[in-house]
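Residue numbers (our numbering), protein chains in the order written: chain W, 454 to 696; chain Z, 454 to 696.
Even for Gly, the Cβ is constructed at its ideal location relative to N, Cα and C.
Here the structure is a predicted model, which is why all the values come from computation and not from measurement.
This report concerns only the one structure given below.
There are 2 protein chains.
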Amino acid sequence: MATLDFSPIADTTRRAEIVALLRRAILTGQLEPGQKLNELRISEQMRVSRAPLREAMRELVQEGILTSIPYAGTFVIDVTAKDIDDAYSLNKVLDEFAIARTWPLRDQRFFDELDRRHAAVKQATRELDTTRQIETALQLHGLIHEWADNSVLLETWQRLTSRLQMYFALHQRARNEPVPAEDAHETYVRLLKGNDMPAAQHHAKEHIDFDFEALLAYARGLERRGPNDASRASPTRGRPETA
Amino acid sequence: MATLDFSPIADTTRRAEIVALLRRAILTGQLEPGQKLNELRISEQMRVSRAPLREAMRELVQEGILTSIPYAGTFVIDVTAKDIDDAYSLNKVLDEFAIARTWPLRDQRFFDELDRRHAAVKQATRELDTTRQIETALQLHGLIHEWADNSVLLETWQRLTSRLQMYFALHQRARNEPVPAEDAHETYVRLLKGNDMPAAQHHAKEHIDFDFEALLAYARGLERRGPNDASRASPTRGRPETA
DNA sequence: TCTTGTTAGATTGTCGACAATCTGCTTGTG
DNA sequence: CACAAGCAGATTGTCGACAATCTAACAAGA
Numbered sequence: 454m455a456t457l458d459f460s461p462i463a464d465t466t467r468r469a470e471i472v473a474l475l476r477r478a479i480l481t482g483q484l485e486p487g488q489k490l491n492e493l494r495i496s497e498q499m500r501v502s503r504a505p506l507r508e509a510m511r512e513l514v515q516e517g518i519l520t521s522i523p524y525a526g527t528f529v530i531d532v533t534a535k536d537i538d539d540a541y542s543l544n545k546v547l548d549e550f551a552i553a554r555t556w557p558l559r560d561q562r563f564f565d566e567l568d569r570r571h572a573a574v575k576q577a578t579r580e581l582d583t584t585r586q587i588e589t590a591l592q593l594h595g596l597i598h599e600w601a602d603n604s605v606l607l608e609t610w611q612r613l614t615s616r617l618q619m620y621f622a623l624h625q626r627a628r629n630e631p632v633p634a635e636d637a638h639e640t641y642v643r644l645l646k647g648n649d650m651p652a653a654q655h656h657a658k659e660h661i662d663f664d665f666e667a668l669l670a671y672a673r674g675l676e677r678r679g680p681n682d683a684s685r686a687s688p689t690r691g692r693p694e695t696a
Numbered sequence: 454m455a456t457l458d459f460s461p462i463a464d465t466t467r468r469a470e471i472v473a474l475l476r477r478a479i480l481t482g483q484l485e486p487g488q489k490l491n492e493l494r495i496s497e498q499m500r501v502s503r504a505p506l507r508e509a510m511r512e513l514v515q516e517g518i519l520t521s522i523p524y525a526g527t528f529v530i531d532v533t534a535k536d537i538d539d540a541y542s543l544n545k546v547l548d549e550f551a552i553a554r555t556w557p558l559r560d561q562r563f564f565d566e567l568d569r570r571h572a573a574v575k576q577a578t579r580e581l582d583t584t585r586q587i588e589t590a591l592q593l594h595g596l597i598h599e600w601a602d603n604s605v606l607l608e609t610w611q612r613l614t615s616r617l618q619m620y621f622a623l624h625q626r627a628r629n630e631p632v633p634a635e636d637a638h639e640t641y642v643r644l645l646k647g648n649d650m651p652a653a654q655h656h657a658k659e660h661i662d663f664d665f666e667a668l669l670a671y672a673r674g675l676e677r678r679g680p681n682d683a684s685r686a687s688p689t690r691g692r693p694e695t696a
């Protein structure tokens, strides 16, 4: 028989859809860092009860983009310059590892997918859709982590990605100007297709450096002006239950 | 005035306690891999309603030690040899990074804490408490990740640790024999106190190798005999919603 | 005026019940 | 006997209501 592989059926629980909705709202910056999530208000807006909403929020807390204080509320995580720096330096290490693991597994399907994602970035750039530009760039970058055949690495990178996407979106939102139109990923893609693995690893580091540069400057600027002004109830008691 | 710093008050929600209970049950192997968690039964045993229990389970799903299939149930993750291998190889990279970051931050407090945790391992070994032995060994190992001053790294390592602890406990349980009594961490501690960082990094890798060796062999043996026989409802539909 | 105790309102945490879905068995039919 | 349809039981997902806790405003007293 012909081996037809069906795609998985859609998630049927409200919880899963709520997770997707909330995650998108946070990662695109519609929910600002530090902002409190009022359960009753959100559940009424989404036309669901608080039970699946709360379960969804627990997931996002564990995912690292929300933080919860008992009897006080659940908040979008704050973005500190140190967080970005931490994620940045760890990402370097993970990239190096991912490239090393992916290297011997590269095949035609890998190169095709690489080109496909690269094209998606370029299209988003042409259309000046900054949100989509961030998304596609991270997806391009994520290919080496998906291809490395290491589930723990992939999980780790996806967690990192959530934060990175949030940081980038915040950055874009604040500056509100399109990313440079020239293609910053041309060399990256070319090196991943070549035969010089150390060169690819080295470029990945430099490439990240470039992306993070402006972001870090922005975050540091934020901190100098004091914490974000998003309407939050300034939780003072207890500590967030981070993972 | 004298600056007396109070420790944070204990978590007062049932949810937090349930998370701790379940996590411990899983990591010590009281709940076996693949086993299904019946919500009604557990909630009755714990004398709580299903709401906080379900929220706790969502957290543990996101933490990576449970897996959930809509309308089918929530299960303890299965332990495959590949999972162990993945965690193992990534752990090497993280260790190297953690040592590099910790190195310039070492001070007397670090050395004291190092000795304290080392002593805890030795005491657990003397008392032949294998479960505690695993716990303390991982805590000793975790110091470099805590000290590295990188929150993302720490989070990542803690996620890894959960699985490692589960794997080790499973291993111990199956073989039911105490770990070699000789002190395997003596060199590790000594190198962390010394001045040769590359040597410390190198030893960390070798040290992990040693620990994982038997574990990997055991896991591979498991797979050869087919999947675990824990009473599970053999979920066939849908896919687990891993993080 | 500053501090302390009280109270009202709002929000989070928890509960018990109902709805939706799955699994396995039974039953009827060829 | 093979097989499909349908039913019953069990389990998960969701809902609305109540209890516990927090915040902020206000009053009383030193």
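How would you label Z/F621, buried or exposed, when you count the other beta carbons within 10 angstroms and need 16 or more for buried? buried
Buried or exposed by the 16-neighbour rule on C-beta atoms within 10 Å, applied to W/T588: Position check: residue 588 of chain W holds Glu in this sequence, whereas Thr was assumed. When all chains shown are included, W/E588 counts as buried.
I'd like the list of long-range same chain contacts for W/R509, defined as Cβ closer than 7 Å, with 5 residues on each side in sequence excluded. First, the residue type needs correcting, since residue 509 of chain W is Ala and not Arg in the sequence shown. For W/A509, where only same-chain residues beyond five positions count, the Cβ hits under 7 Å are R468, I471, V472 and L475.
If you draw a straight line from the C-alpha of Z/E659 to the C-alpha of Z/A540, how long is it? 15 Å
Taking Cβ to Cβ, would you say Z/Y641 is nearer than 8 Å to Z/H624? no
For W/H598 versus W/L607, is the C-beta distance shorter than 8 Å? yes
Pull up the DSSP beta-bridge partners for W/V529, would you. W/L519
Compute the Euclidean distance between the alpha carbons of Z/T578 and Z/V514, then round it to the nearest angstrom. 32 Å
Tell me whether the beta-carbon of W/E566 lies closer than 8 Å to the beta-carbon of W/L596. yes
Taking the beta carbon of W/L493 as the centre, do at least 16 other beta carbons fall within 10 Å, making it buried, or is it exposed? exposed
Report yes if the C-beta distance between W/V574 and W/A553 is below 8 Å; otherwise report no. no
Short-range partners of chain W found in the stretch 491 to 507 of chain Z, where Cβ spacing is below 9 Å: A504 and R507
Measure the beta-carbon distance from W/S496 to W/L506 and round it to whole angstroms, keeping in mind my assumption that it falls under 8 Å. 5 Å
Since W/K535 sits in a beta bridge, which residues does DSSP pair it with? DSSP lists no partner for W/K535.
Give the single residue among Z/F528, Z/Q618 and Z/V605 whose Cα lies nearest to the Cα of Z/R585. Z/Q618
Secondary structure at W/L543, three-state DSSP: helix, strand or coil? helix
Check whether chain Z comes within 8 Å of W/T555, counting only Cβ atoms and requiring the distance to be less than that. no
Is W/D548 buried or exposed, if buried means 16 or more other CB atoms sit within 10 Å of its CB? buried
DSSP beta-bridge partners of Z/K646: In DSSP, Z/K646 forms no bridge with anything.
Looking only at C-alpha atoms, which of W/D602, W/S502 and W/A637 sits nearest to Z/D536? W/D602
Could you name the residues that DSSP lists as bridge partners for W/K489? W/F528
Any idea what DSSP makes of W/G595, helix, strand or coil? helix
Can you give the beta carbon distance from W/L558 to W/W610, rounded, assuming they're within the 8 Å contact cut? With 8 Å as the limit, W/L558 and W/W610 do not qualify as a contact, their Cβ atoms being about 16 Å apart.
Is Z/V546 closer than 8 Å to Z/P486 when the C-beta atoms are compared? no
What residues from chain W crowd round Z/V546, counting only those whose CB sits closer than 7 Å? V546 and F550
Spatial distance of Z/Q561 from Z/G482 (CA atoms): 36 Å
According to DSSP, is W/R500 part of a helix, a strand, or is it coil? coil
May I ask you to report which of helix, strand or coil DSSP gives W/E549? helix
Using the C-alpha atoms, what's the distance from Z/R500 back to W/Q654? 54 Å
Closer than 8 Å between beta carbons: that is the criterion. Which residues of the stretch 522 to 546 of chain Z meet it against chain W? P523, Y524, K535, D536, D539, A540, S542, L543 and V546
Contact with chain Z by W/G595, beta-carbon distance below 8 Å: no
Beta-carbon proximity check, W/Q592 vs W/R626, cutoff 8 Å: no
Contact criterion: CB-CB distance below 8 Å. Does Z/V574 meet it with respect to chain W? no
Selected residue, minimal CA-CA separation from Z/K646, among Z/D582, Z/D636 and Z/W556: Z/W556
With DSSP collapsed to three states, give me the class of W/D565. helix
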